[in-house]
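**Q** Starting off with a structure, shown below.
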Amino acid sequence: MFSKSSLSALFGAVCLGGAAQAAPVGTIKFCLDRADPMFNVAEAVANAAAAQQGMAAVLVLRDSSKDDQDSDSAFGQNKFFAKLSKTCDLIMGFPVEAAYLNLPDGMAATLPYAATGFVTATTDTKIASFPAMARTAKLGVVTLTVTSTYFTEADMSHEIVYYSNDELYGALLDGEVNAALIWQPWLDRELAAHPQKLHVAALEMPHAAWNMVALYPQSESQGPAVRGFNAGLAALSADGKLEALVQPYGVPKLNQ
0 MFSKSSLSAL
10 FGAVCLGGAA
20 QAAPVGTIKF
30 CLDRADPMFN
40 VAEAVANAAA
50 AQQGMAAVLV
60 LRDSSKDDQD
70 SDSAFGQNKF
80 FAKLSKTCDL
90 IMGFPVEAAY
100 LNLPDGMAAT
110 LPYAATGFVT
120 ATTDTKIASF
130 PAMARTAKLG
140 VVTLTVTSTY
150 FTEADMSHEI
160 VYYSNDELYG
170 ALLDGEVNAA
180 LIWQPWLDRE
190 LAAHPQKLHV
200 AALEMPHAAW
210 NMVALYPQSE
220 SQGPAVRGFN
230 AGLAALSADG
240 KLEALVQPYG
250 VPKLNQ
């Protein structure tokens with residue numbers, strides 16, 4: 000015979016779906032920026048990687064586009080991430096070169112969760128290699144990005160420099176340039192909001208391939224949050240689920 004208490008417990012389990020759900024074995028607190036062009040990808044990966052390890056994802060959201068700029072101006076990049084890491088275990092959405100890991104002082108990076116970088120975009124011109132286009136076409140770049148370092152004395156007359164992605168993209172649509180060498184996440188977000196018929200291809204040049212990682216303090220490299228996220232990410236990659244989570248971006252090589 001079942002006692003009244005055991006029957007109540009059984010009824011509760013049935014009402015919740017027929018089986019009691021295992022409680023999370025821990026939590027991972029993620030900092031995400033709503034202004035990040037890859038916010039949706041970061042959110043999906045955070046939730047899925049934590050769940051894969053039976054952990055709960057706690058998302059701490061901010062919007063840098065609406066922040067009081069003066070509040071962060073006193074902080075250099077290193078101090079800013081050190082401050083943010085006191086709120087979260089992992090800071091999602093940090094871009095690093097695929098071949099060169101350059102991180103803020105005192106910070107370390109998780110395994111990469113998405114592959115992206117700079118692309119070439121045109122409105123009606125077939126995309127050729129950069130050396131070929133640089134000899135004949137007007138190419139737009141954003142100042143102080145890696146794409147502005149590709150030009151030599153022989154082809155610098157074909158380089159047109161802009162101060163922002165918005166200016167560069169506007170110049171492409173207005174026909175001021177034949178092609179734009181532009182950051183893929185920014186372009187994808189713009190095209191999702193305002194569709195345009197463009198030809199887009201990965202820019203096959205040095206320093207053009209980048210990965211997205213999460214940051215954490217170096218002192219936490221063996222912490223449960225970091226180990227849980229990396230293990231979850233590796234499992235998602237191994238069984239093919241990561242590819243769907245990060246589209247339209249690529250799946251990076253994971254070197255544990």
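So in numbering that gives the first Met the number 0, spot 162 of the sequence shown is number 161, and the numbers just go up one at a time.
We put the beta carbon where it would ideally sit given N, CA and C, even for glycine.
It should be emphasised that the depicted structure is a prediction, and the values quoted were computed from it without experimental measurement.
For PRO94 versus ASP187, is the C-beta distance shorter than 9 Å?
**A** Not closer than 9 Å, so no.
**Q** If distances are taken between C-alpha atoms only, which option among GLY231, ILE126, LYS196 and ALA81 comes closest to THR26?
**A** Cα-wise, what sits closest to THR26 is GLY231.
**Q** Which stretch, first to last residue, makes up the beta strand (DSSP E) that contains ASP32?
**A** Per DSSP, ASP32 belongs to the beta strand (DSSP E) from 26 to 32.
**Q** How many Å lie between LEU202 and VAL141 at the Cα?
**A** About 14 Å.
**Q** I need the straight-line Cα distance from HIS198 to THR121, nearest angstrom please.
**A** One C-alpha to the other measures close to 5 Å.
**Q** If you draw a straight line from the alpha carbon of ASP69 to that of SER84, how long is it in whole angstroms?
**A** No answer about ASP69 holds up, because its pLDDT of 45 lies below 50 and its placement is not dependable.
**Q** Secondary structure at PRO223, three-state DSSP: helix, strand or coil?
**A** Helix.
**Q** For ASN101, which residues in the same chain have their Cβ closer than 8 Å to its Cβ, ignoring the five residues on either side in sequence?
**A** Hits under 8 Å: VAL95.
**Q** Near ALA34, which residues of its chain fall below 7 Å by C-beta distance, leaving aside the five closest residues on each side in sequence?
**A** Result list for ALA34: ASP62, SER63 and SER64, in chain order.
**Q** Determine the DSSP secondary structure at ASN274, reduced to helix, strand or coil.
**A** The structure shown has nothing for residue 274, since the chain only spans 0 to 255.
**Q** Quick one: what does DSSP say GLY53 is sitting in, helix, strand or coil?
**A** If DSSP states are grouped into helix, strand and coil, GLY53 belongs with coil.
**Q** Which stretch, first to last residue, makes up the alpha helix (DSSP H) that contains GLU242?
**A** 240 to 245 is the extent of the alpha helix (DSSP H) around GLU242.
**Q** Nearest CA to the CA of ALA224: which residue from ALA108, ALA81, VAL118 and PHE79?
**A** Ranking ALA108, ALA81, VAL118 and PHE79 by Cα distance to ALA224 puts ALA108 first.
**Q** Straight-line CA distance for LEU58 to PHE129?
**A** The straight-line gap from Cα to Cα measures roughly 40 Å.
**Q** Could you check which residue in GLN246, TYR248, ALA233 and MET211 has the C-alpha nearest to that of ALA50?
**A** Among GLN246, TYR248, ALA233 and MET211, the Cα nearest to that of ALA50 belongs to ALA233.
**Q** Using the Cα positions of GLU152 and ASN210, report the straight-line distance between them to the nearest angstrom.
**A** Spanning the two alpha carbons is a distance of roughly 30 Å.
**Q** Is PRO251 helix, strand or coil when you go by DSSP?
**A** Correct three-state label for PRO251: coil.
**Q** Measure the beta-carbon distance from ALA47 to LEU244 and round it to whole angstroms, keeping in mind my assumption that it falls under 8 Å.
**A** 6 Å between Cβ atoms; contact.
**Q** Which partner residues of ILE159 appear in the DSSP bridge assignment?
**A** BP columns for ILE159 point to GLY139.
**Q** Which of the three DSSP states is assigned to VAL44 in this structure?
**A** It is helical.
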